[in-house]
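Asks: Sending over a structure as structure tokens; questions will come in a sec.
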Amino acid sequence: MNSASSLDIDFSAPAAEVAPALIGVILTLNGVGGRIVEVEAYDHDDPASHCFGGITPRNQVMFGPPCHAYVYRSYGIHWCFNIVCCPPGHGAGVLIRAIEPLFGIDTMRTRRGMDNVRLLCAGPGRLCQALGITMEQSGTAVNRPPFQLLPATEPVTVVTGPRIGISKAKETPWRFGLADSRFLSRSFCQ
DNA sequence: AAAAGGATTCACT
DNA sequence: GTGAATCCTTTTG
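Numbering (this note's numbering), first residue to last: 608 to 797.
The structure is reproduced here in structure tokens:
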């Protein structure tokens with residue numbers, strides 16, 4: 608696309624600031640992807656975060672440079688995709704939970720083995736399967752090929768709520784979503 | 001070397 | 001809305 612359209616997001620900012628800024632952003636991997644409609648922030652001093660307790664071989668990527676991918680295996684079955692933020696050494700990231708499919712939908716259908724577009728990327732494990740994200744991408748930059756990040760094409764209204772599927776710090780309202788999107792993994796109760 | 005713990009998904013009621 | 005499966009990765013001894 609045009610070189611002037613670099614993303615207006617400072618990934619060295621705190622996760623809770625980067626997360627809502629990512630709503631509406633276009634994310635693709637090898638041309639397959641769409642608009643981010645749901646994310647969650649996970650910060651360094653957050654008991655629910657993999658970063659909590661300090662650096663380990665597994666989470667070292669999140670302590671590395673921002674704007675990189677942190678991918679991990681969930682429940683032994685699914686991949687989950689995060690974008691690292693905050694300065695190196697801090698340890699924080701934003702979990703991408705849902706995407707509105709826009710590009711390469713047929714590829715997504717094949718990978719997911721289903722036709723229902725609404726369910727192709729509605730969930731962290733699902734969107735990784737649809738985009739083809741695996742450990743291979745962990746530690747790579749998200750703003751360079753084969754990834755591509757483009758600014759939101761139109762103004763967005765961001766809604767907030769408690770995070771999903773965690774056992775600790777459930778109260779922290781660090782889940783962000785695109786208001787009224789039908790591609791959310793679950794609806795917001797507000 | 002072994003054990004424990006999931007930032008989930010799917011199917012069913 | 002509820003319950004169960006499912007397999008890997010990380011962590012610890």
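All C-beta atoms in this analysis are idealised placements derived from N, C-alpha and C, irrespective of residue type, glycine included.
Since we're looking at a predicted model, the values are computed, not measured.
1. Comparing C-alpha positions only, which one of Ser619, Ser792 and Leu614 sits nearest to Pro708?
2. Closest to Ile771 by CA distance: which of Asp787, Arg704, Ala628 and Ile662 is it?
3. Buried or exposed, going by whether 16 or more other CB atoms sit within 10 Å of the CB of Asn723?
4. Are the Cβ atoms of Thr760 and Ile616 separated by less than 9 Å?
5. Buried or exposed for Ser788, going by 16 or more other Cβ atoms inside 10 Å?
6. Does the distance from the C-beta atom of Gln744 to that of Val678 stay below 9 Å?
7. Using three-state DSSP, classify Gly732 as helix, strand or coil.
8. In terms of residues, what are the limits of the alpha helix (DSSP H) holding Leu727?
Replies: In terms of the structure at hand:
1. Ser792
2. Arg704
3. exposed
4. no
5. buried
6. yes
7. helix
8. That residue, Leu727, is in no alpha helix (DSSP H); it is neither H nor E in DSSP.
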